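> Got a structure for you, written out below as structure tokens; questions coming shortly.
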Amino acid sequence: MKPMYLTEICEKIGTTSQEKALITKVANSINDIDNNTLVFYLNRVVELDIDKFNTLKNCYIITDRSLLTSENVDLNKFIFVEDCVKAYYEFINAYRNQFQLPIVAITGTCGKTTTKEMIKQILENDYNVKATIGNRNSLSFNHEYIFSIDDKTEYGVFETAITSPGNLIYGCNIFKPSIGVITNIGIDHLNGCRTLDNYIRTKSEMLAGLQYKGTLIINNDCENTKKINMKPFKGKIITFGINNDSDYKASNIKFKDLGMEFTLNCNKGKYQVYVPGIGIHNVYNALAALSALSTLGLYLPLCINYLKNVKFIRSHTEVLKGKNGSTIIDDTWSSNPTSVFAAFDTLKEYEKGKVKIVVIGRISYLGEFATKYYEEIGRKFYEDGFDFIFTTDSFSKQIAKSAIKHGFNPAYHIHCKNNEELKSKLGSLLDKNTIVLFKTSMLDQSITSVIKQLIDN
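Numbering (the numbering used here), first residue to last: 41 to 497.
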């Protein structure tokens with residue numbers, strides 16, 4: 041963070057302190073007490089380590105929690121406020137307002153992390169950028185990210201993920217983005233949002249997060265995004281897509297090497313683009329990223345050139361060399377119906393003519409709608425014409441049952457009781473004419489060991 045004097049911080053939250061200490065770290069957990077640190081004591085249940093606290097230099101605590109006479113501490117190190125939570129958010133707001141930098145907020149059912157990585161990595165070629173690390177996009181990380189910004193920061197790129205209504209507005213209130221990107225709206229987090237309509241409403245919080253102004257970038261091919269009433273939004277709306285006329289439109293799309301090649305049509309010009317990741321979904325991710333970068337004022341041909349060298353986070357339709365000349369597609373980072381459908385579309389189009397095998401796991405966060413979407417996934421598996429389906433639990437087994445109900449040959453459904461059986465039975469099918477898609481969630485880390493044993497090192 042940008043170092044600040046304690047007196048300055050106190051002034052911003054409407055209180056005072058006589059201590060003239062330079063603060064280099066602000067924390068919201070009492071466990072993070074340290075030298076030159078200011079802690080907002082938000083979790084009253086956690087006890088202060090008084091012995092450690094008394095050894096620290098320039099460590100201060102803002103609290104609305106009373107002390108006991110038995111607590112032997114220097115009262116000058118405590119700043120008492122009426123509402124600690126309110127004071128904390130007042131300071132976050134004041135800290136963010138010190139910096140007049142453009143921030144891009146990204147949400148969507150799929151593609152958040154990849155789109156963010158594209159924007160971040162392209163910007164990092166020439167600028168100082170702060171961004172979401174990996175896919176660490178839960179609300180608890182927002183504190184870390186906002187205080188990573190300092191006077192040297194030129195751009196911010198942050199994922200604003202959701203698990204329930206209100207999450208996206210909360211994130212935007214902290215980051216204060218001027219550009220918002222909705223990559224797509226599919227199906228996820230129905231356990232927290234309860235219905236698809238409410239999930240769509242929750243994603244549409246991006247409009248409020250932008251204060252109904254600024255620039256909103258949306259997927260013009262996404263039917264659920266079209267359900268959002270955009271009339272209250274007074275800013276600029278930029279569209280990207282493949283099937284419908286859009287401000288940034290892709291055409292002439294084809295697989296090339298380990299990526300996708302397409303023609304970008306925008307601003308009355310045409311550009312040849314290569315994105316180093318397979319699947320139509322990565323074309324959409326690239327369109328979203330290039331739209332945002334162009335909106336930021338960057339030179340589009342230079343961004344397209346930088347895009348060729350973007351490094352994807354592991355397990356995002358990652359193509360690996362498997363045993364016996366086979367191909368492994370590791371798409372185990374996350375799993376929801378929308379990402380499953382995208383992975384199936386990729387497998388269907390990639391290296392046609394080969395034997396296609398799917399290892400599928402449980403799809404989480406569907407709540408009471410799990411059975412409905414397992415049914416849809418099974419039907420799509422059958423319609424896409426894949427050759428084998430491997431399952432390892434009762435949840436994924438429902439997907440196979442749906443595929444069989446729609447016409448898939450049950451002889452090619454292989455249910456494995458454990459990962460050893462999966463490795464053995466799947467390994468026996470691997471050859472140069474075989475492609476295996478692993479579509480599970482990071483919640484099942486055990487599948488990673490299976491993949492490692494089936495790839496050719």
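Just so you know, even glycine gets a beta-carbon here, dropped at the ideal spot from N, CA and C.
Here the structure is a predicted model, which means the values were calculated and not measured.
(1) Counting Cβ pairs, one atom from each stretch, are 3 or more of them under 8 Å apart for the segment 231 to 248 and the segment 266 to 275?
(2) Mind pulling the beta strand (DSSP E) runs of 3 or more residues that sit fully within the segment 252 to 306?
(3) Determine the closest residue to Asn473 out of Phe421, Ile368 and Thr153, with distance taken between C-alpha atoms.
(4) Taking DSSP's pairing of strands, which residues face Cys99 in a bridge?
(5) Determine the contact status of Ser442 and Tyr405, defining contact as a CB-CB distance below 8 Å.
(6) Please give the ranges of any alpha helix (DSSP H) in the segment 306 to 392, keeping only runs that are unbroken, at least 4 residues long and fully inside the region.
(7) Evaluate the contact criterion for the segment 170 to 186 versus the segment 223 to 230: three or more CB pairs, one atom per stretch, below 8 Å.
(8) Taking DSSP as the reference, what is the three-state secondary structure of Ile219?
(9) Please confirm if the segment 151 to 160 is in contact with the segment 307 to 324, defined as three or more CB-CB distances below 8 Å between the two stretches.
(10) Which residues in the same chain as Gly418 place their Cβ atom closer than 6 Å to its Cβ, once the five residues preceding and following it in sequence are excluded?
(11) Looking only at DSSP bridge pairs, what is Met44 linked to?
(12) For Pro377, which residues in the same chain have their Cβ closer than 8 Å to its Cβ, ignoring the five residues on either side in sequence?
(13) Would you mind sorting Ala263 into buried or exposed? The rule is 16 or more other CB atoms within 10 Å of its CB.
(14) Below 8 Å on the Cβ atoms is my guess for Thr411 versus Ile318; work out the distance and round it to an integer in Å.
(15) Comparing alpha-carbon positions, which option in Ile257, Phe295, Leu298 and Lys296 lies nearest Lys289?
(16) For the beta strand (DSSP E) that Leu477 lies in, which residues bound it at each end?
(17) For Leu330 versus Cys343, is the C-beta spacing smaller than 8 Å?
(18) Return the bridge partner residues of Gly196 from the DSSP annotation.
(19) Excluding the 5 residues preceding and the 5 following Asp424 in the sequence, name in chain order all residues of the same chain whose CB lies nearer than 6 Å to its CB.
(20) Tell whether a beta-carbon distance below 8 Å holds between Leu46 and Ile63.
(21) Span of the alpha helix (DSSP H) holding Val125?
(22) So, is Leu298 buried or exposed, given that buried needs 16 or more other C-beta atoms within 10 angstroms?
(23) Of the choices Asp237, Ile49, Tyr252 and Ile101, whose alpha-carbon is the least far from that of Asn71?
(24) Can you tell me whether DSSP reads Thr431 as helix, strand or coil?
(25) Could you check which residue in Leu163, Lys465 and Leu236 has the C-alpha nearest to that of Val350?
(26) Using only the alpha-carbon positions, how far apart do Ser462 and Ser436 sit?
(27) Along the beta strand (DSSP E) that carries Phe120, what are the first and last residues, could you check?
(28) Going by Cα to Cα distance, which pick from Gly281, Lys274 and Ser468 is closest to Asp261?
(29) Can you give me the Cβ contacts of Asn284 inside the same chain, cut-off strictly under 7 Å, excluding the 5 residues immediately before and after it?
(30) Which same chain residues end up closer than 6 Å to Lys65 when comparing Cβ atoms and leaving out the 5 residues on each side of it in sequence?
(31) Tell me the rounded alpha-carbon separation between Asn83 and Asn68.
(32) Measure from the alpha carbon of Gly309 to the alpha carbon of each residue in Ile143, Ser489, Ser375 and Asp287, then state which is nearest.
(33) Does the separation of the CB atoms of Val359 and Val476 fall below 8 Å?
(34) Taking just the CA atoms, how far does Ala382 sit from Thr357?
(35) For Leu115, is the classification buried or exposed, using 16 other Cβ atoms within 10 angstroms of its Cβ as the cut-off for buried?
(36) Straight-line CA distance for Asn364 to Gly467?
Quick look at the numbers:
(1) Here the segment 231 to 248 lies against the segment 266 to 275, with 3 or more beta-carbon pairs under 8 Å apart.
(2) If we require 3 residues or more, the beta strand (DSSP E) runs fully inside the segment 252 to 306 come out as 255 to 259, 276 to 281, 288 to 296 and 299 to 306.
(3) Residue 473 sits at position 433 when you count from the first residue of the sequence shown. The residue from Phe421, Ile368 and Thr153 with its alpha-carbon nearest to that of Asn473 is Ile368.
(4) One-based indexing of the sequence shown puts residue 99 at position 59. According to DSSP, Cys99 bridges with Thr77.
(5) Start at 1 with the first residue of the sequence shown, and residue 442 comes out as number 402. Start at 1 with the first residue of the sequence shown, and residue 405 comes out as number 365. Not closer than 8 Å, so no.
(6) Within the segment 306 to 392, the complete alpha helix (DSSP H) runs of at least 4 residues are 320 to 335, 340 to 347 and 377 to 389.
(7) By the Cβ test, the segment 170 to 186 is not in contact with the segment 223 to 230, since fewer than three Cβ pairs between them sit closer than 8 Å.
(8) Along the sequence shown, read from residue 1 onward, the residue named residue 219 stands at position 179. In the structure shown, Ile219 sits in a strand (DSSP, three-state: E or B).
(9) Verdict: yes, contact present.
(10) Counting from 1 along the sequence shown, the entry for residue 418 is found at position 378. Counting only Cβ-Cβ distances below 6 Å, and skipping sequence neighbours, we find Ile439, Ser442 and Ala443.
(11) Along the sequence shown, read from residue 1 onward, the residue named residue 44 stands at position 4. Beta-bridge pairing links Met44 to Ile63.
(12) The residue you call residue 377 lines up with position 337 of the sequence shown. Gly226, Ile227, Asp228, Ile403, Leu406, Tyr413, Glu416 and Ile417.
(13) Counting from 1 along the sequence shown, the entry for residue 263 is found at position 223. With the sequence shown as reference, residue 263 is identified as Glu, and Ala is not the correct amino acid for it. Answer is exposed; the Cβ neighbour count stays below 16.
(14) In the sequence shown, residue 411 corresponds to position 371, counting from 1. In the sequence shown, residue 318 corresponds to position 278, counting from 1. With 8 Å as the limit, Thr411 and Ile318 do not qualify as a contact, their Cβ atoms being about 31 Å apart.
(15) Start at 1 with the first residue of the sequence shown, and residue 289 comes out as number 249. For Lys289, the closest C-alpha among the options Ile257, Phe295, Leu298 and Lys296 is that of Ile257.
(16) By one-based count along the sequence shown, residue 477 stands at place 437. Note, Leu477: beta strand (DSSP E), Thr474 to Lys479.
(17) On the sequence shown, position 290 is the one that residue 330 refers to. On the sequence shown, position 303 is the one that residue 343 refers to. Their beta carbons are under 8 Å apart, which means Leu330 touches Cys343 by this criterion.
(18) Position 156 of the sequence shown, counted from the start, is the residue given in the question as residue 196. Residue pairing for Gly196: DSSP places it in a beta bridge opposite Ile143 and Lys170.
(19) As a first step, residue 424 must be located in the sequence shown, where it is residue number 384. Phe384 and Lys388.
(20) Sequence index remark: in the sequence shown, residue 46 carries index 6 (1-based). Sequence index remark: in the sequence shown, residue 63 carries index 23 (1-based). Yes, they are a contact pair.
(21) Here residue 125 refers to the residue found at position 85 when the sequence shown is read from its first residue. Counting along the chain, the unbroken alpha helix (DSSP H) around Val125 starts and ends at Cys124 to Arg136.
(22) On the sequence shown, position 258 is the one that residue 298 refers to. Result: exposed.
(23) For the purposes of this step, residue 71 is taken as the residue at position 31 of the sequence shown. Of Asp237, Ile49, Tyr252 and Ile101, the residue nearest in Cα terms is Ile101.
(24) In the sequence shown, the residue the question calls residue 431 occupies position 391. Here DSSP, grouped into helix, strand and coil, assigns Thr431 to strand.
(25) Translated into the one-based positions of the sequence shown, residue 350 becomes position 310. Selected option, being the one with the closest Cα: Leu163.
(26) As a position in the sequence shown, residue 462 is number 422, starting the count at 1. As a position in the sequence shown, residue 436 is number 396, starting the count at 1. It is worth fixing the name first, because residue 462 is Leu in this sequence and not Ser. Approximately 14 Å, taken between the alpha carbons.
(27) Counting from one through the sequence shown, the residue named residue 120 turns up at place 80. Residues Phe118 to Phe120.
(28) As a first step, residue 261 must be located in the sequence shown, where it is residue number 221. Minimum Cα distance to Asp261 is reached at Gly281.
(29) For the purposes of this step, residue 284 is identified with residue 244 of the sequence shown, where counting begins at 1. Same-chain partners within the cutoff: Asn260 and Asp261.
(30) What you label residue 65 is simply residue 25 of the sequence shown in a count that begins at 1. Here Lys65 has Thr77 as same chain residues with Cβ atoms under 6 Å from its own Cβ, once five neighbours each way along the sequence are excluded.
(31) Locating residue 83 in the sequence shown gives position 43, where the first residue counts as 1. Locating residue 68 in the sequence shown gives position 28, where the first residue counts as 1. Cα to Cα, Asn83 sits roughly 8 Å from Asn68.
(32) Counted from its first residue, the sequence shown places residue 309 at position 269. Each of Ile143, Ser489, Ser375 and Asp287 was checked against the Cα of Gly309, and the nearest Cα belongs to Asp287.
(33) Within the sequence shown, numbered from 1, the residue matching residue 359 stands at position 319. Within the sequence shown, numbered from 1, the residue matching residue 476 stands at position 436. Against a cut-off of 8 Å, the Cβ pair of Val476 and Val359 comes out as no contact.
(34) Along the sequence shown, one-based indexing puts residue 357 at 317. Along the sequence shown, one-based indexing puts residue 382 at 342. Approximately 10 Å between the Cα atoms of the pair.
(35) Position 75 of the sequence shown, counted from the first residue, corresponds to residue 115. With a threshold of 16 other beta carbon atoms within 10 Å, Leu115 falls short and is exposed.
(36) The count along the sequence shown starts at 1 and reaches residue 364 at position 324. The count along the sequence shown starts at 1 and reaches residue 467 at position 427. Distance from the CA atom of Asn364 to the CA atom of Gly467, rounded to whole angstroms, is 9 Å.
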